[in-house]
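Below is one structure, written out as structure tokens, with a few remarks after it.
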Ligand code: ZN
């Protein structure tokens with residue numbers, strides 16, 4: 021009798037281990053939470069209700085937008101929902117994602133509305149980080165490739181949470197999307213959100229994840245990339261110290277490094293990027309600080 025019980029328990033444990041990943045990929049989030057993330061502007065997020073797609077968890081749908089895989093989740097209503105990152109370069113108006121379930125394709129539309137982003141003029145003491153020497157340019161291009169590749173990572177597990185925790189406690193400074201001029205020269209818009217916090221402030225993972233890249237880069241300084249799952253990637257840069265290694269799994273809230281002033285900066289702060297389907301989107305959306 022005892023032996024049978026132990027065997028049954030072993031089988032149960034083995035079965036639980038087997039189906040655990042399935043449960044992990046079938047996290048549900050409340051429809052109300054998902055609604056707060058729906059900010060369909062360039063640099064924003066569209067929550068697309070996949071009505072008409074079979075709600076069965078047996079065959080989860082997959083989706084693509086601009087030919088990149090998209091985060092799919094289930095709302096507590098049992099419906100599949102796509103959480104789509106909209107790049108700053110996206111056209112306004114009707115856009116669509118392609119959804120595939122059980123070999124059946126369908127298109128699901130959403131509307132991108134306009135948002136005006138402010139301009140910012142930044143003065144740097146030297147032109148080192150504005151007019152790059154051939155050596156610095158070559159270094160930047162090598163480092164860009166590594167970081168571009170990190171944003172392409174798409175792992176099957178669902179993020180532990182879609183409403184993210186603030187990585188540091190402190191006031192927001194430069195918002196996402198600012199059109200920036202460095203020493204009067206136009207450069208790429210601000211791809212993340214800045215927090216005005218001093219050097220040494222611990223940076224905490226805003227959701228569970230896996231460290232996929234760390235480095236010390238020309239523009240970004242000491243940098244950590246975290247894969248939260250399904251193409252949701254966080255990047256933290258200008259750190260003074262990095263406390264994690266590539267491949268390391270992080271629990272929600274785990275300290276991954278300390279704030280610093282490395283790379284192209286005018287002073288200590290945390291710069292945080294959030295990426296969905298390889299589109300950098302406004303992190304403020306995920307911490308309920310978005311201004312339309
Ligand atoms: Zn920044």
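Residue numbers (my numbering): 21 to 312. Cβ coordinates follow ideal geometry from the N, Cα and C atoms, glycine included. Keep in mind the model is a prediction, meaning the values are calculated, not measured.
### Task
State the Cα-Cα distance for the pair residue 162 and residue 171, rounded to the nearest angstrom.
Your numbering for residue 162 matches position 142 in the chain shown. Your numbering for residue 171 matches position 151 in the chain shown. Answer to the nearest angstrom: the Cα atoms are 15 Å apart.
### Task
Report the option in 113, 76, 227 and 239 whose CA atom is closest to the CA atom of residue 177.
Working through the chain shown from its first residue, we reach residue 177 at position 157. With distances taken between CA atoms, residue 177 lies nearest to 227 out of 113, 76, 227 and 239.
### Message
I'd like to check one pair, residue 115 with residue 132: are the Cβ atoms closer than 8 Å?
### Response
Residue 132 sits at position 112 when you count from the first residue of the chain shown. Residue 115 sits at position 95 when you count from the first residue of the chain shown. Against a cut-off of 8 Å, the Cβ pair of residue 115 and residue 132 comes out as a contact.
### Query
Relative to the ligand ZN, is the shortest distance from any of its heavy atoms to the C-beta of residue 190 smaller than 7 Å?
By one-based count along the chain shown, residue 190 stands at place 170. For the ligand ZN, not one heavy atom lies less than 7 Å from the Cβ of residue 190.
### Query
When every heavy atom of the ligand ZN is checked, does at least one fall within less than 7 Å of the C-beta of residue 128?
Taking the chain shown and counting its residues from 1, the one referred to as residue 128 is at position 108. Because no heavy atom of the ligand ZN lies under 7 Å away, the Cβ of residue 128 does not count as near it: no.
### Task
Measure the C-alpha to C-alpha separation of residue 41 and residue 249 and round it to an integer number of angstroms.
Here residue 41 corresponds to residue number 21 of the chain shown, with the count starting at 1. Here residue 249 corresponds to residue number 229 of the chain shown, with the count starting at 1. Because residue 41 carries a pLDDT of 40, less than 50, the predicted location of this residue cannot be relied on, and the following value inherits that uncertainty. For residue 41 and residue 249, the distance between alpha carbons rounds to 12 Å.
### Task
With DSSP collapsed to three states, give me the class of residue 186.
Counting from one through the chain shown, the residue named residue 186 turns up at place 166. Here residue 186 carries a coil assignment [DSSP, helix/strand/coil].
### Query
Along the chain, which unbroken stretches of the alpha helix (DSSP H) at least 4 residues long are found entirely within the stretch 45 to 119?
Whole alpha helix (DSSP H) segments, 4+ residues: 51 to 57.
### Query
CB residue 218 to CB residue 275, shorter than 8 Å?
Here residue 218 refers to the residue found at position 198 of the chain shown. Here residue 275 refers to the residue found at position 255 of the chain shown. No, these two residues do not count as a Cβ contact at 8 Å.
### Query
Per DSSP, what kind of secondary structure is residue 137 in: helix, strand or coil?
One-based indexing of the chain shown puts residue 137 at position 117. Three-state result, residue 137: coil.
### Query
Apart from the five residues on each side of it in sequence, which residues of its chain come closer than 6 Å, Cβ to Cβ, to residue 293?
One-based indexing of the chain shown puts residue 293 at position 273. Its chain contains 211, 212, 255 and 300 as the residues whose beta carbon lies nearer than 6 Å to that of residue 293, once the 5 sequence neighbours on both sides are disregarded; these appear in chain order.
### Task
For residue 305, collect the residues of the same chain with a Cβ closer than 7 Å to its Cβ; drop the 5 residues on either side in sequence, then sort them by chain order.
As a working mapping, residue 305 is identified with position 285 in the chain shown. Counting only Cβ-Cβ distances below 7 Å, and skipping sequence neighbours, we find 57, 59, 64 and 65.
### Query
Is it right to say residue 204 is buried, meaning 16 or more other beta carbons lie within 10 angstroms of its own, or is it exposed?
Counting from one through the chain shown, the residue named residue 204 turns up at place 184. The residue in question, residue 204, is exposed, as its Cβ has fewer than 16 Cβ neighbours within 10 Å.
#### Entry: Under 6 Å, CB to nearest heavy atom of the ligand ZN: contacting residues
Cβ-based neighbours of the ligand ZN within the cut-off: 194, 210, 212, 214 and 291.
### Query
So, are the CB atoms of residue 235 and residue 243 less than 8 Å apart?
The residue given as residue 235 occupies position 215 in the chain shown. The residue given as residue 243 occupies position 223 in the chain shown. For residue 235 and residue 243, yes; Cβs fall inside 8 Å.
### Task
Buried or exposed for residue 7, please, with buried defined as at least 16 other CB atoms from any protein chain shown within 10 angstroms of its CB.
For residue 7 there is no data in the structure shown, the boundaries of the chain being 21 and 312.
### Query
residue 187: buried (16+ other C-beta within 10 angstroms of its C-beta) or exposed?
Taking the first residue of the chain shown as 1, we reach residue 187 at position 167. Result: buried.
### Task
Pull up the CB-CB distance for residue 232 and residue 266, whole angstroms please, since I reckon it's below 8 Å.
Taking the first residue of the chain shown as 1, we reach residue 232 at position 212. Taking the first residue of the chain shown as 1, we reach residue 266 at position 246. Confirmed, about 7 Å.
### Task
Using the DSSP secondary-structure output, state which residues sit across from residue 382 in a beta bridge.
Residue numbering for the chain in the displayed model covers 21 to 312; residue 382 lies beyond these limits and cannot be assessed.
### Assigned secondary structure, residue 311 (DSSP; H/G/I helix, E/B strand, else coil)
Here residue 311 refers to the residue found at position 291 of the chain shown. In the structure shown, residue 311 falls within a coil segment according to DSSP collapsed to helix, strand and coil.
### Message
Just to check my reading of the structure: residue 50 and residue 87 have Cβ atoms closer than 8 Å, yes? What is that Cβ distance to the nearest angstrom?
### Response
Working through the chain shown from its first residue, we reach residue 50 at position 30. Working through the chain shown from its first residue, we reach residue 87 at position 67. Between the beta-carbon of residue 50 and that of residue 87 there is about 30 Å, and that puts the pair past the 8 Å contact cut.
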